[in-house]
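Here the structure comes first, spelled out in structure tokens, and everything after it is commentary.
Shown next as structure tokens:
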């Protein structure tokens, strides 16, 4: 569906048990995501965002094989 870019794993025992480790995981994931788009111009970022939002709910009809 393209709604989720990445799943950030929780520390062992859950995020509620280790806030600092969870914050470190989130920081790393966000820094990676920002690094991937940091060289793009604002127009390109906005165009990508618009296309992504417009694609939600879009589907492709396929025909089942007739036997």
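In this note's numbering, the protein residues as written are 46 to 112. We put the beta carbon where it would ideally sit given N, CA and C, even for glycine.
Boundaries of the alpha helix (DSSP H) harbouring residue 64: 64-82, taken from the DSSP string. For residue 92, the uninterrupted alpha helix (DSSP H) run begins and ends at 87-100, by DSSP. Taking C-alpha positions only, residue 63 is separated from residue 90 by approximately 34 Å.
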